[in-house]
Amino acid sequence: MTIAAKLSQYLNDQSVDYHLIQHPHTRTSRESAHAAHIREDQLAKAILLQDSEGYVMVVIPASSSLDMRAVHMETGRNGLEMVAENELGSVFPDCELGALPPLGQAYGITTLLDSSLGHRETIYFEAGDHEELVEMDGPQFAKLFASSRIADLSKDWP
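Read in full-length UniProt numbering, the sequence shown has 70 at position 70, and its numbers run on one by one without any break.
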């Protein structure tokens, strides 16, 4: 597989430069960081949440875990729960299960960005499969989130 079609179109529409980095097949974002020889805190991972109002994507570093309390406080939505991996195919039909690009806005999904990702020199993220990452200049990545809420949404792994 290659970069997800919607993701590619969105990046082109936003006029941002990016490169694709291939790596051996992985199952998690942390494994992808190791396979691509990059730091986990440079890899933006997407977590899809859902409640009766719809979907919310939260983007945090692969080196961190999601702080649900912070997400609830930021959104005011207390019923948000993680979407099961087997349900992701209907929301992201052009992606392999579990390889979500962190640009929910490309899919019409409200997206929140962890503040720790807003000032990185270089950012990497899933391209829509388990064997490729998108590499992008940090300021251009931040530009993609200009209309998104940015907050402290993660915590260090226990």
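Every residue gets a Cβ at the ideal spot worked out from N, C-alpha and C, and that includes glycine.
First and last residue of the alpha helix (DSSP H) that includes Val71? Met68 to Thr75
Runs of alpha helix (DSSP H) lying entirely within the stretch 85 to 129, each at least 4 residues, in chain order: 88 to 91
Does Arg27 pass the burial test, meaning 16 or more other C-beta atoms within 10 Å, or should it be called exposed? exposed
Could you please give the first and the last residue of the uninterrupted alpha helix (DSSP H) stretch that includes Ser8? Ala5 to Asp13
Integer-rounded CB distance, given that Leu7 should sit under 8 Å from Ala106: Approximately 6 Å separates the beta-carbon atoms of Ala106 and Leu7; this is inside 8 Å, confirming the contact.
The alpha helix (DSSP H) spanning Glu31 covers which residue range? Ser29 to Ala35
Residue span of the alpha helix (DSSP H) that contains Ala142, given as start and end: Gly138 to Leu144
Tell me whether the stretch 126 to 136 and the stretch 75 to 87 touch, counting them as touching only if at least three CB pairs, one residue from each stretch, are closer than 8 Å. Because the criterion of three Cβ pairs below 8 Å is not met, the stretch 126 to 136 and the stretch 75 to 87 do not touch.
Could you check what DSSP says for Asp152 in three-state terms: helix, strand or coil? coil
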